[in-house]
Amino acid sequence: MRALGDYLGVKVHACVGGTSVREDQRILSAGVHVVVGTPGRVFDMLRRQSLRPDYIKIFVLDEADEMLSR
Numbered sequence: 006m007r008a009l010g011d012y013l014g015v016k017v018h019a020c021v022g023g024t025s026v027r028e029d030q031r032i033l034s035a036g037v038h039v040v041v042g043t044p045g046r047v048f049d050m051l052r053r054q055s056l057r058p059d060y061i062k063i064f065v066l067d068e069a070d071e072m073l074s075r
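Numbering of the sequence shown is given in the working numbering, commencing with residue 6 and proceeding in unit increments.
1) Is there a Cβ from chain B that is less than 8 Å from the Cβ of Gly45?
2) Going by Cα to Cα distance, which pick from Asp11, Arg53, Leu33 and Phe48 is closest to Leu66?
3) Could you spell out the range, first to last residue, of the alpha helix (DSSP H) harbouring Gly10?
4) Using the C-alpha atoms, what's the distance from Ser74 back to Arg7?
5) Out of Val37, Pro44 and Gly36, which one is the CA nearest neighbour of Arg22?
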């Protein structure tokens, strides 16, 4: 993902559990074009206002059927 972003000149970041929340916040505040993440970490970044929903243009939810069936 990062290599493709570098090639295309697109800033990308992965927000996943098990990584530093502060590092995610720092990178998101610096500005990115594409964010990929787990539902829990993305929700956490939204809750902390590090990821602003008013700037989201496209949102893709993978495996939503599994999440919603629980």
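No residue lacks a Cβ here, since even glycine has one placed at the ideal position from N, Cα and C.
The answer reads as follows:
1) As a matter of chain content, chain B is missing from the structure shown, which is built from one protein chain.
2) For the residues Asp11, Arg53, Leu33 and Phe48, the minimum Cα distance to Leu66 belongs to Phe48.
3) Element bounds for Gly10: Arg7 to Leu13.
4) Linking Arg7 to Ser74 through their CA atoms gives a straight-line distance of about 32 Å.
5) According to the sequence provided, residue 22 is Gly. The question's Arg does not apply to it. Looking from the CA of Gly22, the closest CA among Val37, Pro44 and Gly36 belongs to Pro44.
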